[in-house]
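A.B. asks:
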């Protein structure tokens, strides 16, 4: 049964992290990432909250970036640059904590 949590596929993670799907699958297996099994072939969706911090932050950064792109329409260029700079500073701060 599917839970009420956010999930991502190996392909989505590969796109975000700039890695191959096979490399993502290998890392997930080695580190035992929590996942939902989708079918008898073993296709899975990884549970975002249970992924390593570097992977979660990359996914969240990409989501924020996509949201900001939508908001940028009609805004001045300086405002969008400032927002992106704040976002990068926040991600850097999170990574230093870990």
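In our numbering, the protein residues as written are 117 to 214. Glycine is no exception: its CB is placed at the ideal position from the N, C-alpha and C atoms. Since we're looking at a predicted model, the values are computed, not measured.
1) Go to residue 152, then tell me how far its beta strand (DSSP E) extends in each direction, as first and last residue.
2) Can you name the start and end residues of the alpha helix (DSSP H) that residue 142 belongs to?
3) In or out: residue 119 buried (at least 16 other Cβ within 10 Å) or exposed?
4) Give the DSSP-derived three-state secondary structure of residue 212 in the structure shown.
5) Within a Cβ cutoff of 6 angstroms, which residues of the same chain sit near residue 129, ignoring the five residues on either side of it in sequence?
C.D. replies: Straight from the coordinates:
1) Within the chain shown, numbered from 1, the residue matching residue 152 stands at position 36. Its beta strand (DSSP E) spans residues 151–153.
2) Along the chain shown, one-based indexing puts residue 142 at 26. Element bounds for residue 142: 137–147.
3) Counting from one through the chain shown, the residue named residue 119 turns up at place 3. Below a pLDDT of 50, predicted positions are generally treated as unreliable, and residue 119, at 49, falls in that range; no measurement from the model is reported.
4) Taking the first residue of the chain shown as 1, we reach residue 212 at position 96. In the structure shown, residue 212 sits in a helix (DSSP, three-state: H, G or I).
5) The sequence position of residue 129 within the chain shown is 13, counting from 1. Here the set comprises 140.
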